[in-house]
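Q: Chains A and B are the protein sequences, given in the same order.
Numbering-wise (the numbering used here), the first sequence opens with residue 1 and increments by one.
Numbering-wise (the numbering used here), the second sequence opens with residue 1001 and increments by one.
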Amino acid sequence: NAGVMQNPRHLVRRRGQEARLRCSPMKGHSHVYWYRQLPEEGLKFMVYLQKENIIDESGMPKERFSAEFPKEGPSILRIQQVVRGDSAAYFCASSPRRGEKLFFGSGTQLSVL
Amino acid sequence: DQQVKQNSPSLSVQEGRISILNCDYTNSMFDYFLWYKKYPAEGPTFLISISSIKDKNEDGRFTVFLNKSAKHLSLHIVPSQPGDSAVYFCAASAIYSGYALNFGKGTSLLVTP
Chain A
1 NAGVMQNPRH LVRRRGQEAR LRCSPMKGHS HVYWYRQLPE EGLKFMVYLQ KENIIDESGM
61 PKERFSAEFP KEGPSILRIQ QVVRGDSAAY FCASSPRRGE KLFFGSGTQL SVL
Chain B
1001 DQQVKQNSPS LSVQEGRISI LNCDYTNSMF DYFLWYKKYP AEGPTFLISI SSIKDKNEDG
1061 RFTVFLNKSA KHLSLHIVPS QPGDSAVYFC AASAIYSGYA LNFGKGTSLL VTP
């Protein structure tokens, strides 16, 4: 009964490269949320997806960031042309139904050199 | 704009005593409130929640109180144990946002023996 799985745990990229963060929700969960935590800050909502659909992306920067949750496979958060300010911990969470508590993964620490 | 505020970045309590963590919110549309606990290098784990139709919810040593008129909630831990030392995040959500959680910046609790 695996929890929310995120990989990689640590990702180092140089400025201008692409970062791909993966999230496999808990079994039976079809709702996925991505959050970002900057140093000394709380978790900031980025995007909420439900299988193949983006429900709410109000927290996602308009440029360079995208997210998907295909019918098969993990959810992917993609950051193109990374900049130093993208360095943060990115957490994925899932829930079985809308409105229920979220279960978080251990996060991906992105470092941009 | 920070809709959920935890004004105490840190709190130190002696083992066996009560820990009280506070949280204020500004959005009157929030109808579901949660507390999460986070250890370093791990994702947040759910602790306890309360819906806006209640003013108190208890689970073992943990009790959450909600004062809607003051837009304030608090988490009481009694008795506090050294293993409770962690960062505690208050979160709030509303049905109109698909229950995407808005987090406070967290309070770091240290329980000393």
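Yeah, the Cβ is synthetic: ideal placement off N, Cα and C, and Gly gets one too.
Determine whether the Cβ of Pro1044/B lies closer than 8 Å to any Cβ atom of chain A.
A: Reading the second sequence from its first residue, position 44 is the one you call residue 1044/B. So yes, Pro1044/B belongs to the interface.
Q: So His1072/B is in the beta strand (DSSP E); what residue range does that whole segment cover?
A: Taking the second sequence and counting its residues from 1, the one referred to as residue 1072/B is at position 72. Segment His1072 to Ile1077, the beta strand (DSSP E) holding His1072/B.
Q: Under the rule that 16 or more other beta-carbon atoms within 10 Å means buried, what is Gly105/A, buried or exposed?
A: Looking up residue 105/A in the first sequence gives position 105. Under this definition Gly105/A is a buried residue.
Q: Rounded to whole angstroms, what's the CA-CA distance from Val1064/B to Ser1074/B? Just pull it up for me.
A: Looking up residue 1064/B in the second sequence gives position 64. Looking up residue 1074/B in the second sequence gives position 74. Using only the alpha carbons, I get a separation of about 6 Å.
Q: Taking the C-alpha atoms as reference points, what is the distance between Val114/A and His10/A?
A: Residue 114/A falls outside the range modelled here, since chain A spans only 1 to 113, and no answer is possible.
Q: Can you tell me the Cβ-Cβ gap for Ser1008/B and Leu1110/B, rounded? I've got them flagged as a contact below 8 Å.
A: Taking the second sequence and counting its residues from 1, one reaches residue 1008/B at position 8. Taking the second sequence and counting its residues from 1, one reaches residue 1110/B at position 110. Incorrect: roughly 12 Å between the Cβ atoms, too far for contact.
Q: Would Asp86/A be called buried (16 or more neighbouring beta carbons within 10 Å of its own) or exposed?
A: Taking the first sequence and counting its residues from 1, the one referred to as residue 86/A is at position 86. Under this definition Asp86/A is a buried residue.
Q: Check the Cβ-Cβ distances between Phe104/A and every residue of chain B, and say whether any is below 8 Å.
A: Here residue 104/A corresponds to residue number 104 of the first sequence, with the count starting at 1. Yes, Phe104/A lies at the interface with chain B (some Cβ there is under 8 Å from its Cβ).
Q: I'd like to confirm the pairing. Which residues does DSSP put opposite Asp56/A in its beta bridges?
A: Position 56 of the first sequence, counted from the first residue, corresponds to residue 56/A. Tyr48/A.
Q: Can you list, in chain order, the residues of the region 51-67 of chain A whose Cβ is nearer than 7 Å to any Cβ on chain B?
A: Listed by position, the residues of the region 51-67 of chain A near chain B (Cβ gap below 7 Å) are Ile55 and Asp56.
Q: Is the Cβ of Leu1021/B closer than 8 Å to any Cβ of chain E?
A: As a matter of chain content, chain E is missing from the structure shown, whose protein chains are A and B.
Q: Can you list, in chain order, the residues of its chain whose CB lies under 8 Å from that of Ala67/A, leaving out five sequence neighbours each side?
A: Here residue 67/A is taken as the residue at index 67 of the first sequence, counted from 1. Closer than 8 Å at the Cβ level, and outside the excluded window around Ala67/A, lie Trp34, Met46, Val47, Leu49, Ile54, Glu57, Met60, Ser75, Ile76, Leu77 and Arg78.
Q: Taking C-beta pairs closer than 8 Å, name the residues in chain A that Gly1106/B reaches, listed in chain order.
A: Translated into positions along the second sequence, residue 1106/B becomes position 106. Correct list: Gly42.
Q: If the criterion is Cβ atoms closer than 8 Å, does the pair Gly31/A and Arg98/A meet it?
A: Here residue 31/A refers to the residue found at position 31 of the first sequence. Here residue 98/A refers to the residue found at position 98 of the first sequence. In the sequence on display, residue 31/A carries His and not Gly. Cβ atoms of His31/A and Arg98/A: closer than 8 Å.
Q: Got a sec: which bits of the region 68-102 of chain A sit with their beta carbon under 7 Å from any beta carbon on chain B, in order along the chain?
A: For the region 68-102 of chain A, which is checked against every Cβ of chain B, the residues closer than 7 Å are Phe91, Arg98, Gly99, Lys101 and Leu102.
Q: DSSP three-state call for Asp1031/B: helix, strand or coil?
A: Counted from its first residue, the second sequence places residue 1031/B at position 31. It is coil, neither helix nor strand.
Q: Within 8 Å of any Cβ in chain A, is that where the Cβ of Asn1067/B sits?
A: Here residue 1067/B corresponds to residue number 67 of the second sequence, with the count starting at 1. Answer no: the Cβ-Cβ gap between Asn1067/B and chain A never drops below 8 Å.
Q: Label Lys1037/B either buried or exposed according to how many other C-beta atoms from any shown protein chain fall within 10 Å of its C-beta, with 16 as the threshold for buried.
A: Along the second sequence, read from residue 1 onward, the residue named residue 1037/B stands at position 37. Per the 10 Å Cβ criterion, buried.
Q: For Gly107/A, return the contacting residues in chain B, with the cut-off set at a CB-CB distance below 7 Å.
A: As a working mapping, residue 107/A is identified with position 107 in the first sequence. Gly1043, listed in chain order.
Q: Let's see if you can read the secondary structure: which residues bound the beta strand (DSSP E) around Ser30/A?
A: The residue labelled residue 30/A in the question sits at position 30 within the first sequence. First-last for Ser30/A: undefined, no H or E at that position.
Q: In the DSSP output, what is Phe1062/B paired with across the bridge?
A: Looking up residue 1062/B in the second sequence gives position 62. Asp1059/B and Ile1077/B, per the DSSP bridge assignment.
Q: Any C-beta of chain A sitting closer than 8 Å to the C-beta of Phe1089/B?
A: Here the question's residue 1089/B lines up with position 89 in the second sequence. Yes, contact with chain A.
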